[in-house]
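Participant: Got a structure here, written out as structure tokens. Questions coming.
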Amino acid sequence: MAAAVEQGICWSHERVQSVAEQGLLEIPASYIRPAEERPNSRQSSSLKEIPVIDLAQGGPDVSAQVGQACRDWGFFQVVNHGVPLELLERIREIGAHFYARPMEEKLAYACRDAGTAPEGYGSRMLVKDEQVLDWRDYIDHHSLPLSRRNINRWPADPPHYRSTIEEFSDETSKLAQRLLGFISESLGLPAQFLEEAVGEPSQNIVINFYPPCPQPDLTLGLQSHSDMGAITLLLQDDVAGLQVKRNNEWFTIQPMREAFVVNLGDMCQILTNDIYKSVEHRVVVNGERSRYSVATFYDPAKTRLISPAAPLVDKDRPALFPSILFGEHVATWYSKGPDGKKNIDSLVIE
Ligand code: OGA
Ligand code: NI
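If you're matching positions, the sequence shown starts at 1 in full-length UniProt numbering and goes up one per residue.
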């Protein structure tokens with residue numbers, strides 16, 4: 001049917017949860033990664049802990065620690081971040097509630113459009129068909145600006161589902177702005193600098209579900225990528241799975257129930273003129289336990305032009321990136337696939 005074709009991949013494809021619940025001993029070939037991308041093929045993942053920063057201290061100390069973490073890892077965790085811990089539990093609870101509903105009910109919220117803004121319940125991310133699939137389902141909420149927010153597209157059950165996403169949106173955008181402030185200060189810029197450069201934020205809140213996998217060594221929950229926007233805040237549960245790449249080695253990020261994992265996206269790499277970089281990360285799955293995570297993306301609008309910050313450009317350090325429209329970068333990401341950091345790397349001016 002034409003309509004179904006137009007609705008594209010989001011609507012029609014199978015969810016990983018349905019595959020996982022078939023009780024297969026072997027995963028379908030479409031989820032099998034080439035040998036060099038599999039979790040065990042490279043050096044085995046070490047447990048070296050990324051920095052944990054206590055935001056309650058406040059002030060110059062925090063920006064110094066944030067700056068150090070941005071240089072060393074591009075990833076860190078924050079505690080005492082000001083987002084009520086009760087809200088963290090509540091968003092986990094509505095996420096688990098959603099994924100436990102019957103498939104028919106979930107499909108009422110299926111994402112409808114292939115392409116660059118997959119709001120709703122889905123599994124596939126890219127436009128192209130020949131991709132290896134990720135062992136992950138998601139539900140993506142367009143939360144900011146308010147003109148993108150249509151709460152009728154969000155699940156209505158339980159009754160506090162929508163208000164929880166709204167509260168979470170408020171709290172995480174405040175936290176993202178505070179963190180952009182520390183990051184700006186760590187570069188000697190005025191605290192408001194990066195927030196103003198990003199402009200009116202476009203925020204997506206994505207609740208991910210990684211079902212148990214019968215052959216976790218052959219696949220990935222999420223392929224290696226860097227986040228394309230400005231700054232990402234991630235809530236993990238108690239099940240490890242997120243790994244970050246450093247000096248060509250993969251490190252597992254220790255789950256901390258009360259912390260947000262923070263990482264810079266490609267737009268911060270451009271804005272900081274390559275002083276801070278977006279960092280490759282991926283998710284590995286396991287044989288026994290389901291894993292949930294909540295990723296909040298704080299990004300520029302697609303129409304926003306992003307360029308290296310003038311104070312970070314001089315004759316010793318010329319601009320390493322051209323100005324780009326954020327929307328163009330998003331379109332490339334979804335059409336070609338992330339393939340690690342290929343898209344952002346290809347923009348660097350020689
Ligand atoms: C993402 C991401 C990690 C996770 O959604 O971009 O990197 O642990 N998620 O779900
Ligand atoms: Ni990511």
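For glycine and all other residues, C-beta sits at the position ideal for the given N, C-alpha and C.
Values in this document were obtained by computation on a predicted structure and should not be read as measured data.
How should residue 102 be labelled, buried or exposed, when 16 other C-beta atoms within 10 angstroms of its C-beta is the threshold for buried?
Facilitator: Against the sequence shown, residue 102 aligns to sequence position 102. Around the beta-carbon of residue 102, fewer than 16 other beta-carbon atoms lie within 10 Å, marking it exposed.
Participant: Answer with buried or exposed for residue 351, where buried requires no fewer than 16 other C-beta atoms within 10 angstroms of its C-beta.
Facilitator: As shown, the chain starts at 1 and ends at 350. That puts residue 351 outside it, with no answer to give.
Participant: With burial defined as no fewer than 16 other Cβ atoms inside 10 Å of the residue's Cβ, what is the status of residue 291: buried or exposed?
Facilitator: Here the question's residue 291 lines up with position 291 in the sequence shown. So residue 291 counts as buried.
Participant: Say the cut is 8 Å; is the CB of residue 329 nearer than that to a heavy atom of the ligand NI?
Facilitator: For the purposes of this step, residue 329 is identified with residue 329 of the sequence shown, where counting begins at 1. No, Cβ of residue 329 sits at least 8 Å from all heavy atoms of the ligand NI.
Participant: Alpha carbon to alpha carbon, how far is residue 189 from residue 299?
Facilitator: Stepping through the sequence shown from its first residue, residue 189 is reached at position 189. Stepping through the sequence shown from its first residue, residue 299 is reached at position 299. Using only the alpha carbons, I get a separation of about 19 Å.
Participant: Please return the same chain residues whose Cβ sits closer than 8 Å to the Cβ of residue 75, not counting the five positions on each side in sequence.
Facilitator: Counted from its first residue, the sequence shown places residue 75 at position 75. Excluding sequence positions up to five before and after residue 75, its CB lies within less than 8 Å of the CB of 50, 69, 244, 253, 261, 262, 263, 279, 281, all in the same chain and listed in chain order.
Participant: Looking at the strands, I want to know which residues DSSP matches up with residue 142.
Facilitator: As a first step, residue 142 is located in the sequence shown; it is residue number 142 there, counting from the start. 204.
Participant: Taking only three categories from DSSP, how would you classify residue 223?
Facilitator: Position 223 of the sequence shown holds residue 223. Residue state, collapsed to three classes: strand.
Participant: Could you give the DSSP three-state label for residue 293: helix, strand or coil?
Facilitator: Here residue 293 refers to the residue found at position 293 of the sequence shown. Secondary structure of residue 293 (DSSP, three-state): strand.
Participant: Report the residue from 328, 285, 309 whose alpha carbon sits nearest the alpha carbon of residue 319.
Facilitator: Translated into the one-based positions of the sequence shown, residue 319 becomes position 319. The shortest C-alpha separation from residue 319 is found at 309.
Participant: Under the three-state reduction of DSSP, which class applies to residue 321: helix, strand or coil?
Facilitator: Start at 1 with the first residue of the sequence shown, and residue 321 comes out as number 321. Of the three classes helix, strand and coil, the one that applies to residue 321 here is coil, per DSSP.
Participant: Which residue spans inside the segment 165 to 215 form an unbroken beta strand (DSSP E) run of at least 3?
Facilitator: 202 to 210
Participant: For the ligand OGA, is there a heavy atom less than 8 Å away from the beta-carbon of residue 69?
Facilitator: Your numbering for residue 69 matches position 69 in the sequence shown. False, no ligand heavy atom lies under 8 Å from that Cβ.
Participant: Roughly how many angstroms lie between the CA atoms of residue 337 and residue 126, to the nearest whole one?
Facilitator: For this step, residue 337 is matched to residue 337 along the sequence shown. For this step, residue 126 is matched to residue 126 along the sequence shown. Counting only the Cα atoms, residue 126 lies some 6 Å from residue 337.
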